[in-house]
Amino acid sequence: MKLLHHPMPTLLDERAGLIAGFTATVVLSILMIAKSSAGLMPQLDPIADIAHLARLPEGTVQALWFGWIGHFALGTIIWGTIYAAMHADLPGLPVVRGLIFGVLAWLAMMIVFMPMAGHGLFALSLGPMAMVATLVLHLVYGAVLGMTYARAAHE
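Going by numbering that gives the first Met the number 0, the residue at position 155 of the sequence shown is 154; the numbering climbs one at a time, nothing skipped.
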């Protein structure tokens, strides 16, 4: 992967990043809700983990709202803006760029967020399926992010 010197992202790039980040976060959230509704891996709950990091009482309405708002802020504003800034440095078609970015976001979650949430590196305390499930979810997020960004940025 070659890193090139690009000018600062334009307003269109940032807008496209926010649109793509929000769209990808909605899709990811639907899958997360489906996982929870099916009773799969209840111990894997990033929404509760975000609220827990803010020291909010578990199971409260405030914790639930804070967790979801934090989730959407990360997926839309943080990851969407970062993708807008670096997408041109990623190889391949938009979907491939998104998949690569999804893996990078997943690695950040596994190396930074999961240990902070008390689950250890790569969420190993939750069992190996948590690692696999979060990777699949981030690949979906990345694919949607890349395709939506390309469309929103008129690439």
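We treat Cβ as the ideally placed atom computed from N, Cα and C, and that holds for glycine. All values derive from a computational prediction rather than experimental measurement.
- The straight-line gap separating the alpha-carbon atoms of G38 and D88 is approximately 39 Å.
- Three or more Cβ pairs drawn from the region 83-101 and the region 138-147 lie within less than 8 Å of each other, which places the two stretches in contact.
- At a cut-off of 4 residues, the continuous stretches assigned as alpha helix (DSSP H) that sit fully inside the region 80-134 are 93-107.
- Under the 10 Å beta carbon count, H86 is surrounded by 16 or more other beta carbons and is classified as buried.
- With contacts defined by Cβ atoms closer than 8 Å, Y140 and L27 form a contacting pair.
- Judged by their CB atoms, A122 and M130 are nearer to each other than the 8 Å cut-off.
- Bounds of the alpha helix (DSSP H) holding D48 are 45-52.
- Contact between L125 and L11 is ruled out by a C-beta separation of about 40 Å, above the 8 Å threshold.
- When A104, L30, A83, A62 are compared, the shortest CA-CA separation from E154 is found for A83.
- The alpha carbon of A23 has as its nearest neighbour, out of F71, L55, S35, V60, the alpha carbon of F71.
- Note on W78: 16 or more other CB atoms within 10 angstroms of its CB, so buried under the neighbour-count rule.
- For I29, the enclosing alpha helix (DSSP H) begins and ends at 10-36.
- Proximity to G16 across R54, I46, T80, K34 peaks at T80, based on C-alpha coordinates.
- Contact annotation, I18 with A104: C-beta distance approximately 17 Å; criterion of less than 8 Å not satisfied.
- DSSP places Q61 inside the alpha helix (DSSP H), whose first and last residues are 60-71.
- Our two residues, M128 and M31, have alpha carbons roughly 14 Å apart in a direct line.
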